[in-house]
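Scroll down for the structure; my scribbles are underneath it.
In my numbering, the protein residues as written are 33 to 194.
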């Protein structure tokens with residue numbers, strides 16, 4: 033299975049990923065239709081794109097009372113069936129990454145579906161901050177100290193203070 037990963041040291045905050053996702057998902061260029069978010073931390077001069085990691089054991093799926101969340105057998109993506117979604121927001125509370133959003137117009141939960149296996153956010157990322165890689169590769173990167181590198185980056189952005 034492949035997932036979208038991000039490298040916050042490469043993100044230039046262009047928001048192309050958000051626009052590409054919004055257009056693919058809702059045929060608009062409005063951020064509210066995007067399933068990826070670029071989170072800005074101006075005090076640290078850091079921006080971090082965030083999206084669903086399509087967990088091996090997704091908590092969102094576990095808590096869904098409508099059984100609207102399942103794994104797509106073709107792409108491996110954890111997806112929400114909008115027809116079945118009751119709009120209870122339990123999945124939003126369960127997601128440890130904040131990767132699920134609530135569409136107040138449709139009254140359903142929404143999240144990354146990997147664009148059917150060709151994530152548009154990755155395709156339109158001009159800096160290479162987003163990559164579509166095998167999950168094992170992504171998690172190996174994390175195990176090799178991604179969290180430590182991110183903490184170091186934030187510390188550098190703050191001018192060396194913690």
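Built from N, CA and C at the ideal position, the CB exists for glycine as well.
Residues in its own chain within less than 8 Å of residue 95 by CB, not counting five upstream and five downstream?
What you label residue 95 is simply residue 63 of the chain shown in a count that begins at 1. Answer for residue 95: 122, 123, 125, 126, listed in chain order.
On the premise that residue 48 lies in contact with residue 143, defined as a C-beta separation below 8 Å, what is that separation, rounded to the nearest angstrom?
Position 111 of the chain shown holds residue 143. Position 16 of the chain shown holds residue 48. 20 Å between Cβ atoms; not a contact.
Who are the near neighbours of residue 111 in its chain, counting only those whose CB is closer than 6 Å to its CB and skipping five residues on each side?
Within the chain shown, numbered from 1, the residue matching residue 111 stands at position 79. Here the set comprises 104, 145.
Please go through the region 72-121 and give each complete beta strand (DSSP E) segment of 3 or more residues, from N-terminal end onward.
Taking only runs of at least 3 residues, the beta strand (DSSP E) segments lying wholly in the region 72-121 are 78-82, 101-103, 110-112.
Which residues mark the beginning and the end of the beta strand (DSSP E) in which residue 141 is found?
Reading the chain shown from its first residue, position 109 is the one you call residue 141. Taken as a continuous stretch (DSSP letters only), the beta strand (DSSP E) holding residue 141 covers 140-142.
Can you pull the DSSP bridge partners for residue 35?
Taking the chain shown and counting its residues from 1, the one referred to as residue 35 is at position 3. Partner(s): 165.
With distances taken between CB atoms, is the gap from residue 189 to residue 76 smaller than 9 Å?
By one-based count along the chain shown, residue 189 stands at place 157. By one-based count along the chain shown, residue 76 stands at place 44. A contact, by the Cβ cut-off of 9 Å.
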